[in-house]
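Colleague: Sharing a structure, written as structure tokens. Questions coming.
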């Protein structure tokens, strides 16, 4: 058999995930990726503090019955924040249900961002205005939409980049494979960010794949794969930023695997004590993304009390806005059931709305 | 211009040229691509080959490989990518190579294409067309002859269209491409090489059935390749002294209840004909709607003539499965004619 034209080992990820700031906040040198400037890290730290507060507040709102469900990204905030910060306003973000912090960091009002998880039937925000797709609940399906959005932009000669997020479990889905393959064949500007948080509800990564790493899958599609410490926001900004700018310049798609850990249960409805031991969870607390960035910024002398207070205040304002929004009673309009299914309402839906309207009128008259 | 050419041009303007259904669809794609730079065609083998049925013949050469192109062989990928394109300003027309090969795209169609407008309160509508060569009667091997319309017709948010003539294939595909929401465009394979005049200036609107043949005693309701069976049965019925009306449904969803009900009320008898297996089918839905809305006008229960509730049979057995003229005439005979 003939050998391939080139072995393309340049597409393989490194042996160890890219890390720029270690668990103690110490900067480590890297020959390819430079640490972002301190002001950028300070901005990211502010977003991390806010992201952590959003996760805490959302959990509390579930306990109070104000949110239907919350898949928390506690412990994964560095991925959330970096995904939002590396994009321009005219780029596109494709989030999953666990990526509310990324959605809010990119500028969506928290009230709108939580509409879906409140149990409503729509995304809550205007995807076109924010250039953020509605949170995807089915796994990996949105990655293909990202490829199509990128194709359309490329066809018009725009330099838009699409960042598409998914989790480790989603890499087992057929649509993950099809999306990476289409992106590579069409050579479109999509950066795939896999947050490997080690669990798909209860199932560990070892049951999803026997690959050396998820990033190794990239070479199978002919795109570069890279692994990055998913709790190091500096490394994420550098690696994702590099992939985004490379895609923008016509370099094609890339697959980034961020190694992180889901610190809490899958959602409030899950019991993670049934499938993992506390020691494992505690070990990951040492690698917390906020703690390490704070240590780094303090050591650099870039974080003073006033700034910390300002970040905390900003986070608290967001939490208050979430509480206010979710505690407000919502009175959905029953006609909304029929309004958006088709651009022009069909005669059948007209008749069904007339029936419901009549039922409501009779109910009101009888009450 | 010579005199002869001039005369030819005049003739061409007077009489619409005959086209095959495949040719009419090809012309509709080309005209839509010419009229609107955001229309593109993609699928398996649609580029250089021109599609396994040659429906996209010449489009890649004429419009360039960025507007008519082959994709990797993955149906979910094709539909999912088209959804993204439609989210971002394009009007993709995708080809599923055969009916049963569209099933890998099912999740993208029902969970995303059909629901995106609703999930975004109308902020994102998806102007995309999924063309599916469907149905049997061509001696095809397994997985090549399914009548899969019920899956799509059952899904809220989809518009499902099925032409029975080259004219409707042209006009309805143009309308489907201009439609603001996803359209499933079902092309009866058996009719790809049927030929009839096509007037490319004739407008068509989605959502309208057509009375294909007038008649006073009984209404046959059909779509796609079954329209021909209904017309043949009507001809025979006429020779036996029954005046048989034929309605071509054309748009399966949203269904043109008004035309159907008016037709059935005028005759008082109805037979619904479709190739698809009958259980939980489009034919069943049409029969139920007619029963609910035309009961006072009916002389007899609405009958269905459909395929059996079996996987699509092999070429040697398919003629037993498909509705034919005799089976339709038998059904007509059961419609309580004693008083006449």
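Residue numbers (this note's numbering), protein chains in the order written: chain H, 209 to 575; chain L, 8 to 347. C-beta atoms are modelled at their ideal positions from N, C-alpha and C, and glycine is treated no differently.
For residue 29 (chain L), which residues from the same chain have a beta carbon less than 7 Å from its beta carbon, with the 5 sequence-adjacent residues on both sides left out?
Modeller: If we look at residue 29 (chain L) and ignore the five residues flanking it on each side, its Cβ neighbours are 60, 61, 62, 199 and 200.
Colleague: Could you pull the DSSP bridge partners for residue 137 (chain L) from this structure?
Modeller: In the DSSP output, where bridge partners are listed per residue, residue 137 (chain L) has L:101 and L:191.
Colleague: Would you list the one or two residues that DSSP bridges to residue 462 (chain H)?
Modeller: Note: residue 462 (chain H) sits in a beta bridge opposite H:399.
Colleague: Just tell me which of H:425, H:288 and H:359 has its CA closest to the CA of residue 255 (chain H).
Modeller: The shortest C-alpha separation from residue 255 (chain H) is found at H:288.
Colleague: From residue 394 (chain H) to residue 235 (chain L), what does the alpha carbon distance come to, in whole angstroms?
Modeller: Each residue's Cα considered, the two are about 42 Å apart.
Colleague: What do you get for residue 226 (chain H), buried or exposed, if any count of 16 or more other CB atoms within 10 angstroms of its CB means buried?
Modeller: Counting Cβ neighbours within 10 Å, residue 226 (chain H) comes out buried, since at least 16 surround it.
Colleague: Please state the DSSP three-state secondary structure of residue 287 (chain H).
Modeller: Helix at residue 287 (chain H).
Colleague: So for residue 228 (chain L), helix, strand or coil by DSSP?
Modeller: Strand.
Colleague: Output the residue ranges of the alpha helix (DSSP H) runs that lie fully inside the segment 491–531 of chain H and measure 4 residues or longer, sorted by chain position.
Modeller: Qualifying alpha helix (DSSP H) stretches, in chain order: 497–508.
Colleague: Using a beta-carbon distance below 8 Å, is residue 429 (chain H) in contact with chain L?
Modeller: So no, residue 429 (chain H) is outside the interface.
Colleague: Name the chain L residues whose beta carbon is nearer than 7 Å to that of residue 361 (chain H)?
Modeller: Those are 95, listed as they occur along chain L.
Colleague: Whole angstroms are fine: how far does the CA of residue 472 (chain H) sit from the CA of residue 276 (chain H)?
Modeller: Roughly 17 Å between the two C-alpha positions.
Colleague: Would you check if the distance between the CB atom of residue 188 (chain L) and the CB atom of residue 162 (chain L) is smaller than 8 Å?
Modeller: No, the Cβ-Cβ distance between residue 188 (chain L) and residue 162 (chain L) is not below 8 Å.
Colleague: Can you tell me whether residue 347 (chain H) is buried or exposed? The criterion is at least 16 other CB atoms within 10 Å of its CB, across all chains shown.
Modeller: Result: buried.
Colleague: Measuring CA to CA, which of L:276, L:275 and L:254 is closest to residue 266 (chain L)?
Modeller: Nearest C-alpha to residue 266 (chain L): L:254.
Colleague: Expressed to the nearest angstrom, what Euclidean distance is found between the alpha-carbon atoms of residue 428 (chain H) and residue 482 (chain H)?
Modeller: Approximately 35 Å, taken between the alpha carbons.
Colleague: Would you decide whether residue 438 (chain H) is buried or exposed? Buried here means 16 or more other CB atoms lie within 10 Å of its CB.
Modeller: Under this definition residue 438 (chain H) is a buried residue.
Colleague: Would you call the CB atoms of residue 277 (chain L) and residue 228 (chain L) closer than 8 Å?
Modeller: Yes, the Cβ-Cβ distance between residue 277 (chain L) and residue 228 (chain L) is below 8 Å.
Colleague: Inspect the beta-carbon positions of residue 87 (chain L) and residue 353 (chain H) and report whether they are closer than 8 Å.
Modeller: The answer is yes: Cβ separation under 8 Å.
Colleague: So, with DSSP's three-state summary, where would you put residue 407 (chain H)?
Modeller: Residue state, collapsed to three classes: strand.
Colleague: Please list the residues of the segment 375–387 of chain H that have a C-beta atom closer than 9 Å to any C-beta atom in chain L, keeping them in chain order.
Modeller: Listed by position along the chain: 382, 383, 385, 386 and 387.
Colleague: Chain L beta carbons: is any one of them nearer than 8 Å to that of residue 519 (chain H)?
Modeller: So, not an interface residue.
Colleague: Would you tell me roughly how many angstroms separate the C-alpha atoms of residue 291 (chain H) and residue 244 (chain H), rounded to the nearest one?
Modeller: Looking at the two C-alpha atoms, the distance is approximately 15 Å.
Colleague: Under 8 Å between C-beta atoms, does residue 9 (chain L) make it to chain H?
Modeller: Confidence in residue 9 (chain L) is poor, its pLDDT being 41 and thus under 50, which makes the residue's placement too unreliable to answer from.
Colleague: Expressed to the nearest angstrom, what Euclidean distance is found between the alpha-carbon atoms of residue 318 (chain H) and residue 309 (chain H)?
Modeller: The straight-line gap from Cα to Cα measures roughly 9 Å.
Colleague: Report the residues of the segment 273–296 of chain H with a CB closer than 7 Å to any CB of chain L, ordered along the chain.
Modeller: Answer in chain order: no residues at all.
Colleague: Check for me: the beta strand (DSSP E) holding residue 355 (chain L) runs from which residue to which?
Modeller: Outside the displayed span of chain L (8 to 347) sits residue 355 (chain L), for which this structure offers no information.
Colleague: In this structure, does DSSP put residue 368 (chain H) in helix, strand or coil?
Modeller: It is coil, neither helix nor strand.
Colleague: CA-CA distance, residue 251 (chain L) and residue 274 (chain L)?
Modeller: When rounded, the distance between both Cα atoms is 9 Å.
Colleague: Which residue wins for smallest C-alpha separation from residue 372 (chain H), given the options H:343, H:514 and H:362?
Modeller: When each option's Cα is compared against that of residue 372 (chain H), the closest is H:343.
Colleague: Going by beta-carbon coordinates alone, are residue 123 (chain L) and residue 89 (chain L) separated by less than 8 Å?
Modeller: Contact: no.
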